[in-house]
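Asks: The working numbering puts the last residue of the sequence shown at 188; the count rises by one with no breaks.
Built from N, CA and C at the ideal position, the CB exists for glycine as well.
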Amino acid sequence: RVLFRSIVIIVFACILFFFRGANVKIGEDNVIYCPCDGVVKDVIDYPTSTHIIIFLNVHNIHVQYSPVQGDIISLKKIPGTFVPAYFLEKSKYNERNEYIIRSKVFGNIKFVQIAGQVARRIVSFVKEGEQVKALQPIGLIKLGSRCDIIIPKTPSLTKQRLKVKKSDRVHIGDILLTQYLP
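1) Quick check: what's the CA-CA separation for Lys148 versus Asn66?
2) Can you find the residues in the same chain that come closer than 6 Å, C-beta to C-beta, to Val111, ignoring five residues on each side of it along the sequence?
3) Taking Gly113 as part of the beta strand (DSSP E), name the residues at either end of that continuous run.
4) Could you work out which residue in Pro90, Ser130, Ser72 is closest to Tyr62 when comparing CA atoms only?
5) Taking Thr160 as the reference, which of Gly44, Val14, Asp48, Tyr52 has the closest Cα?
6) Answer with buried or exposed for Ile38, where buried requires no fewer than 16 other C-beta atoms within 10 angstroms of its C-beta.
7) Starting from Ser151, follow its DSSP beta bridges and name the residues at the other end.
8) For Pro73, list the residues DSSP reports as bridge partners.
9) Please tell me whether Ile120 and Ser151 are closer than 7 Å, where the distance is taken between their beta carbons.
10) Per DSSP, what kind of secondary structure is Arg11 in: helix, strand or coil?
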């Protein structure tokens with residue numbers, strides 16, 4: 007009886023630890039913030055966009071936050087497979103939620119929550135058409151997973167300065183990219 011209670015208490019404590027949120031403040035307009043805790047698996051520089059891939063381990067906070075302030079102009083839940091999220095090529099077919107957030111400064115930012123092998127449930131806290139603040143809770147991926155941020159390059163705004171690189175450990179609210187107006 008005591009052993010059973012101890013096991014229940016330990017399991018409950020682990021669940022509370024896993025689904026905890028972060029203590030963050032609302033961010034600035036000219037910054038793209040890290041939406042989650044994790045490790046930058048890759049930063050891919052395309053001619054028209056920058057793609058930042060962040061892998062979340064089981065011990066990371068799994069609530070994700072809006073990387074920018076803006077309007078959610080699209081929210082799609084895409085069914086798929088459940089391979090480990092750290093396999094970048096294979097996991098592009100995993101179940102996901104894709105958000106397009108229209109930012110006044112950066113244009114349309116694509117933010118993607120990708121389920122992993124164990125994580126088979128993604129919960130969204132927002133709906134299409136809502137306005138979000140930078141670092142507002144936006145959703146939750148249950149267990150190990152991945153988040154992608156696709157940032158368009160906007161030549162009319164002159165300089166974008168990327169603040170992360172592959173293998174960096176990042177935390178919710180860290181600055182991923184800053185924009186300098188002309």
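Replies: Reading off the structure:
1) For the purposes of this step, residue 148 is taken as the residue at position 142 of the sequence shown. For the purposes of this step, residue 66 is taken as the residue at position 60 of the sequence shown. Distance between the alpha carbons of Lys148 and Asn66 is about 11 Å.
2) For the purposes of this step, residue 111 is taken as residue 105 along the sequence shown, with counting starting at 1. Non-local C-beta neighbours of Val111 in its own chain, meaning closer than 6 Å and more than five positions away in sequence, comprise Asp35, Asn36, Gln185, ordered along the chain.
3) By 1-based counting over the sequence shown, the position of residue 113 is 107. Looking at the DSSP string, the run of the beta strand (DSSP E) that includes Gly113 is 113-121.
4) As a first step, residue 62 must be located in the sequence shown, where it is residue number 56. Looking at the sequence shown, residue 62 is not Tyr but Leu. Just measuring C-alpha positions, the residue of Pro90, Ser130, Ser72 sitting nearest Leu62 is Pro90.
5) For the purposes of this step, residue 160 is taken as the residue at position 154 of the sequence shown. Distance check between Thr160 and each of Gly44, Val14, Asp48, Tyr52 places Tyr52 closest, using alpha-carbon atoms only.
6) Numbered from its first residue, the sequence shown carries residue 38 at position 32. Taking every protein chain shown into account, the CB of Ile38 has 16 or more other CB atoms within 10 angstroms, so this residue is buried.
7) Taking the sequence shown and counting its residues from 1, the one referred to as residue 151 is at position 145. Ser151 pairs with Leu62, Ala121.
8) Within the sequence shown, numbered from 1, the residue matching residue 73 stands at position 67. According to DSSP, Pro73 bridges with nothing at all.
9) Taking the first residue of the sequence shown as 1, we reach residue 120 at position 114. Taking the first residue of the sequence shown as 1, we reach residue 151 at position 145. Pairing Ile120 with Ser151 gives a Cβ-Cβ distance under 7 Å.
10) Walking along the sequence shown from the start, residue 11 turns up at place 5. Three-state result, Arg11: helix.
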